[in-house]
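First up is the structure itself, then whatever we jot down about it.
There are 4 protein chains.
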Amino acid sequence: MIGHQDLAVRTLGPCRIDSPLAERLAARETTQHSVEEDDRILFDDTLSMAGTRGVPVDQLPSLEPGGPRKRIYFDPAKTRVGIVTCGGLCPGLNDVIRGLVLELCRHYGVRRIVGFRNGYRGFIPHYGEDVVDLSPEVVQHIDDEGGTILGTSRGVQDPEEIVDALERLAINILFVIGGDGTIRGAMEVVRVIQERGLKIAVVGVPKTIDNDIPYIDQSFGFQTAMAEATKSIHAASVEARSAPGGVGLVKLMGRHSGFIACYSVLAKDDADYVLIPEVPFALHGERGFLEHLRRRVEDRGHAVVVVAEGAGQEHIEEHEPGRDASGNVRLGDVGRLLRRLITEHLDDAKVENNVRYFDPSYAIRSVPANPYDSAYCLRLAHAAVHAAMAGRTEVIVARRRRRFVHIPMPLAVSRRNHVDPLGDLWMSVLEATGQPVRFE
Amino acid sequence: MIGHQDLAVRTLGPCRIDSPLAERLAARETTQHSVEEDDRILFDDTLSMAGTRGVPVDQLPSLEPGGPRKRIYFDPAKTRVGIVTCGGLCPGLNDVIRGLVLELCRHYGVRRIVGFRNGYRGFIPHYGEDVVDLSPEVVQHIDDEGGTILGTSRGVQDPEEIVDALERLAINILFVIGGDGTIRGAMEVVRVIQERGLKIAVVGVPKTIDNDIPYIDQSFGFQTAMAEATKSIHAASVEARSAPGGVGLVKLMGRHSGFIACYSVLAKDDADYVLIPEVPFALHGERGFLEHLRRRVEDRGHAVVVVAEGAGQEHIEEHEPGRDASGNVRLGDVGRLLRRLITEHLDDAKVENNVRYFDPSYAIRSVPANPYDSAYCLRLAHAAVHAAMAGRTEVIVARRRRRFVHIPMPLAVSRRNHVDPLGDLWMSVLEATGQPVRFE
Amino acid sequence: MIGHQDLAVRTLGPCRIDSPLAERLAARETTQHSVEEDDRILFDDTLSMAGTRGVPVDQLPSLEPGGPRKRIYFDPAKTRVGIVTCGGLCPGLNDVIRGLVLELCRHYGVRRIVGFRNGYRGFIPHYGEDVVDLSPEVVQHIDDEGGTILGTSRGVQDPEEIVDALERLAINILFVIGGDGTIRGAMEVVRVIQERGLKIAVVGVPKTIDNDIPYIDQSFGFQTAMAEATKSIHAASVEARSAPGGVGLVKLMGRHSGFIACYSVLAKDDADYVLIPEVPFALHGERGFLEHLRRRVEDRGHAVVVVAEGAGQEHIEEHEPGRDASGNVRLGDVGRLLRRLITEHLDDAKVENNVRYFDPSYAIRSVPANPYDSAYCLRLAHAAVHAAMAGRTEVIVARRRRRFVHIPMPLAVSRRNHVDPLGDLWMSVLEATGQPVRFE
Amino acid sequence: MIGHQDLAVRTLGPCRIDSPLAERLAARETTQHSVEEDDRILFDDTLSMAGTRGVPVDQLPSLEPGGPRKRIYFDPAKTRVGIVTCGGLCPGLNDVIRGLVLELCRHYGVRRIVGFRNGYRGFIPHYGEDVVDLSPEVVQHIDDEGGTILGTSRGVQDPEEIVDALERLAINILFVIGGDGTIRGAMEVVRVIQERGLKIAVVGVPKTIDNDIPYIDQSFGFQTAMAEATKSIHAASVEARSAPGGVGLVKLMGRHSGFIACYSVLAKDDADYVLIPEVPFALHGERGFLEHLRRRVEDRGHAVVVVAEGAGQEHIEEHEPGRDASGNVRLGDVGRLLRRLITEHLDDAKVENNVRYFDPSYAIRSVPANPYDSAYCLRLAHAAVHAAMAGRTEVIVARRRRRFVHIPMPLAVSRRNHVDPLGDLWMSVLEATGQPVRFE
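Protein chains in written order, with the UniProt record's numbering: chain A, 1 to 440; chain B, 1 to 440; chain C, 1 to 440; chain D, 1 to 440.
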């Protein structure tokens, strides 16, 4: 259960400087949208839990809304800002960088913004990475391209060295764009900043193509990725239907959460099976996946299987636990395993088969953001700038139930967002594919 | 202020039949996602209004969540269903039709579903429209196409004749897909049904490419439409930058609400001016739009103007109030007016100009839904089927703050959703375009 | 009948300088692809004309092939180059500019290249247009955008003033990218250059989105434009089929030649009627277009009409002959005329109708080149550079029967390329639409 | 050297039946486009070979043009037609099937057309494949989908059994859509038909996504495939530029010919290296590929490598010659080999690297034809129908130098079309990538 203390946002100090946006904000004073210091949004709005009955509404856990404040903490003329992108690619990274720079420059009048190259290693001298000056001119058109102009890398670095770099460059605000591991790294940076008594705000924009950051509506780039994924599913379907015993097998992203697999299957109703990390499945036996698939291929002549990369890890015998440079558990390749097992199973059963394997992950994550994600990234970036200028730190900005809010970093990494095997989304997927509730 | 009575959902009677989904639903009993009869979701989750301080949370206005019920009102084996699409085209209509049919047939076992042709006139004998049988086979691939396989038309028809047709065909459930005028028409149908003491459920799926239905997150098709609109804005920008004194002028949908204009401009940062119905603007004078545009063209050599069709109606002198067949106010053509005024103004000022006019509305609204909207339509359709089978009537299904909910029709037509001229969205637009807060 | 003298290419003088490409070319000496000074390609390869029977093949009219020469006329280190784009937009303009600059710089070592702004007016002092320095860095990514980075304008300018500008800037080679009127303008420039005894090469890359330049396979950008046009035809079809009595009317480019209309209809088989400039049609009467359309709408409930902008000019009563700034005949707007006449005719016949009009020309011509056109533009640009460096002048480069060739400018403007009303293409269109051979 | 006898087209007998198209064709009598029995097109139009000097033009080798004849061999009312698709998928297969059926039915009045399932095995009883009835209704919209509605398979079957099936079904015309191996199979079928003294025409539509059929302009689907391939190259470039030491490695189709690799690199200038079967390359040593790549990665921080699947076969040690079911040489996987060698080489050299491997072949070949290919397929199908109805056999239809012609099958399989390592295309590729002429 989330409590008040989990939702409290840290600040560097009181906001005593008039925002350069004040004139515009002045016009907004009478409306509910202006963000006052004590504005809050309920963390949960469901009344199904008995515990909330009769509780005064203002005593329920609530979140701080995002948005511009009338008074801010940092003096724009003297503020120096750093931006870093970490982890795997995701559509929209350049949009976020662009949105941060444009908002800082044009609307707050911040003049010096630098980008650190290739993730956290950009702070560490021995890698010899240059720092990149970011101006409105530099970022104006970067949203037309996928990837990140700053480069990225996996893995955290020594937080002491990172804060050394921040001090050396006199950075006041650091924007960190990355996932779970990146945010944990940022928390270490915050710890060192505090230990040294510095006034540096660290604000995160959560990036996760898997949509597994908790408490937020949907991570940026997710819709773009999901739309790209539908193309691979459809190609797999075309291949499967064009060959005798055609089986199209598509491995999609989703280390811990099968959101991309689920949504893309709902969007393009071509799949017969969806396998996700949240729902274990038996491979063998009469009610196992392989036998079910065999019957489907014999009945219809073809089948399409979509598997999230984190699904079925229990079946990978050669699975050696380990962690990659970002601290993520290293996954065995379920796609290749299934390709082999399906072929063997159908061969053994004397069922003619033509298994086609699709692994489109790099192609999916490197495209530019679609218009929805592009606008979303821009607004997320605006919210991040507002939060940082108001002195918020160790916080991520996110949209929750359609409202931009501040979520403390510790809460954001306290768990992952999962497809609920008992929820509406998975039920719709079962309906769309017609697959059984469980393979056992 | 919305009160409890505004949010109360009408039902035809108690649910006494076990849902065919019961087996699946049984597994879900222990989770918070199962929809119990007394589940509610808070209507508003903002704590900024003094009035709510101290109020017990379960006394606040709340909505009924959508989703499958364990017990239902209609016996699937005996249920006959009708579907009708009304008003202008919108991406996703076929996806909704398809979702309704598949959910009804596959999951509830409903066997007879008919589509009425060309909107409400499909019920009226003198038009001679055939009724279309809708089976899973018929609808399987219709989502690949834009438009609606049922056809559509504007305008309401005599509710008595409509209910005559429902009785003649022994329809138990009518799904109405349409906008404001269509929902008002459906309310008339409900009135006649009640007067005749019939047990026919009328459930709406709100369609509005303008996103102007209130209290909902975003209407289906909106993201697709907005993404298409960005293409026209970009084409206008290319044209404007390729000719001396180039002015690209794009008229987009938006009779009362400028959402498509605002979002598409945020997504593709090519526009210099956005004009929407919610923000009046002066044309003439030193601080008027035309003079500002003249200076921009002289300074930069080109400009891009995006105007929502309902903007600047006050400037259309020949504007004769009237209503179209659906009862919508007939709008003067602000696009053509601006094209003429801009050309004249720049000519008068001896500023060379090449004005290119884009009117992409038909092209935008006729495309198939993008993957996000496609999945969204499917889930909306599922919610509509669950609501109807549980005997809800005079209700629309919608997503509000990311939850599928039931909204009474009278509430859904009580006002329109507007871009808040003091809110975050418009502020982001002003930042993206750099246009002044007001032309006066 | 084309004779030898029509195909002779003018040169500024003998090629006495070793090409910087010589080393690479040396390896090619033994193959048929190396371009020797006396290489020729037959102008026509059809044997159906009695006159050619028995004629020795080397006495038949033939063309000079394009491609790199071992010896060239201009010394790259001392060569200055100008580039200008004229007339309406066409996909691929930036690709051609880019290809010219990259080939000149990287492969010949030319160092100074300038772009003239906004067509021929870029040469004329009183317009005050700046000259743009073009380097590989400037042009590297311009192919991602539609339009032309140089800007463009219609109309010719005084050739004396143009040559003054060439002399002032010490230009040795001028590349002109434009259509019929632009090439005629270039011929005037050549005339003045000759009168002044200058050694300036003028080489054209023919641009015509209508594909109406004669003797060439297909103009650059045509496939991109045709592919875009299919989208509008399909949207018109969706609209027509979604409304009672729906008529989708699409006006496409094609002042004198209906190629875009024909090819886009073949690609996307949605149209019932195609009207092109090459095939006159009667509007009224029992066998006229309007009556045929009425019957089609009554029979099928909808129809799609595609009309090239130059079609049916004989029906535009208010047609006042005149010429636009480029010297093109000004056309009446056949799209608006048809929209009015169709509506009136169906109204008079008491046939319910919903006419939707599409005018996508600006949207079509402003998109970036598709991959095929992009590669084609690059290769055309290479051929243009090779021709110019070898001292060819008053020549355009083109692909004819899949070979890059040099065509003298006078021949290129001697007639237009038309859809042959008795040829295969039009016959395929008649088959695809099912429309009668003639409306009379 | 191609001689007259190589170009002679076999016919089943004299054409004595008036074509149903005669009325339309009558109007065409006076034009050069009507196809007379003795019309010919020169096989080669280059005058560079000394041997042709002075030769009367009508004694040079020439081709029979495609197109409708006034008199035909088969009586449409009594004609039965079979269609089969063989080999790998290629964009446009459904367009060709559709074009054949529509032309046969609508324009010749042929009533019975069947499709054989899954390639040549569709003729062989023991596979138990059903025959599919093909009518205009069945094929009307199949061009919206990739793949082939008939299914396909690799490998030839016993020609005696195939002709048995043709006799059993009383087939008069067999259309075979496939590549090199398929055409060889069709020649065997023709041999058996002749031995049995049957009057069955066998006409091929050449399919090769690699564009390696000789003597033709470009095979259908090639432009679509090449455009798709550019997306993978661009994704590889985005990935490479976003990671330290990023190397994007893309394996494209091209067993014997590197056309897709070459054209897609010209269209999207993102690649640093292109490796094709026609140009051998050294891997190791100072001037080998791996060292060159290492220097590029060290200099620029990233590189993109495009490799055709048939390139570098000499480097695959474990390469065991063998043939797949279609008789094609089985290739070792050069993509995986390069991925391993690049990683090892850079690791050994202590160069940080992130190699990302793309294998998009299935995704490329399963998309629907783009508008250009769609129109091209339709016209090819028309030409095939005209050829078959006029009694031509053992012939493929193709476009050569922009003319539809008949090419005898033996000539079509006599060699492959290759990228000329000394020709324009490869030279443009070297210029675009900047890679050395050879790695040695």
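Even for Gly, the Cβ is constructed at its ideal location relative to N, Cα and C. This structure is a prediction, so every number in the text was calculated from the model and none was measured.
Measure the alpha-carbon distance for residue i versus residue j and round it to whole angstroms.
i, j, result
"residue 443/C", "residue 159/C", "Outside the displayed range of chain C (1 to 440) lies residue 443/C, so it cannot be described from this structure."
"residue 266/A", "residue 432/A", "7 Å"
"residue 191/A", "residue 100/A", "24 Å"
"residue 113/D", "residue 98/B", "33 Å"
"residue 281/A", "residue 234/A", "24 Å"
"residue 211/C", "residue 402/C", "16 Å"
"residue 167/C", "residue 102/C", "24 Å"
"residue 196/B", "residue 117/D", "58 Å"
"residue 501/C", "residue 87/D", "Here chain C has residues from 1 to 440 only, and residue 501/C is not among them."
Which residues in the same chain have their Cβ closer than 7 Å to the Cβ of residue i, if we skip the five residues on either side of it in sequence?
i, result
"residue 297/B", "245, 247, 303, 346, 351, 353"
"residue 283/C", "289, 290, 315, 341"
"residue 377/B", "92, 95, 96, 99, 220, 369"
"residue 312/C", "275, 281, 334"
Please confirm whether residue i has its beta-carbon closer than 8 Å to some beta-carbon of chain B.
i, result
"residue 67/A", "yes"
"residue 273/A", "no"
"residue 356/C", "yes"
What does residue i touch in chain C if you count any residue whose Cβ is under 8 Å from its own?
i, result
"residue 217/D", "402"
"residue 56/D", "53, 54, 55, 56, 57"
Which residues in chain A sit within 8 Å of residue i, going by Cβ to Cβ distance?
i, result
"residue 147/D", "238, 239, 241, 242"
Taking residue i as the query, report the chain B residues whose CB atoms sit under 8 Å from its CB, ordered along the chain.
i, result
"residue 232/A", "What residue 232/A touches in chain B: nothing, since even the nearest Cβ is about 12 Å away."
List, in order along the chain, the chain C residues whose C-beta lies closer than 7 Å to that of residue i?
i, result
"residue 370/D", "227"
What residues in its chain sit with their C-beta under 6 Å from that of residue i, if we drop five residues either side in the sequence?
i, result
"residue 320/B", "Interpretation of residue 320/B is limited by its pLDDT of 44, a score under 50 that renders its predicted location unreliable; no figure is taken from the coordinates."
"residue 30/A", "Low confidence applies to residue 30/A: its pLDDT is 36, below 50, so where it sits in the model is not reliable enough to give any reading."
Would residue i pass as an interface residue toward chain A - the criterion being a Cβ-Cβ separation below 8 Å?
i, result
"residue 106/B", "yes"
"residue 4/B", "no"
"residue 205/B", "no"
For residue i, write down the residues that DSSP places opposite it in a beta bridge.
i, result
"residue 200/B", "According to DSSP, which records beta bridges pairwise, residue 200/B is partnered with nothing at all."
"residue 274/A", "306/A"
I want to verify the contact list: residues of chain A whose CB lies under 7 Å from the CB of residue i, in sequence order.
i, result
"residue 151/D", "242, 243, 244"
"residue 380/B", "The contacting residues do not exist; residue 380/B stays about 11 Å from chain A at best."
Note down, in chain order, every chain D residue with its Cβ under 7 Å from the Cβ of residue i.
i, result
"residue 366/A", "235, 238, 239"
Is there at least one Cβ from chain D nearer than 8 Å to residue i's Cβ?
i, result
"residue 428/C", "yes"
"residue 64/C", "no"
Comparing the C-beta of residue i with each C-beta of chain C, is any distance below 8 Å?
i, result
"residue 362/B", "yes"
So residue i contacts chain A; which residues on that side make the cut at Cβ distance below 9 Å?
i, result
"residue 435/B", "Residues of chain A passing the Cβ test: none, with the nearest at roughly 13 Å."
Enumerate in chain order the residues of its own chain whose CB-to-CB distance from residue i is below 8 Å, with the five nearest sequence positions on each side excluded.
i, result
"residue 183/A", "176, 204, 206, 396, 409, 412, 413"
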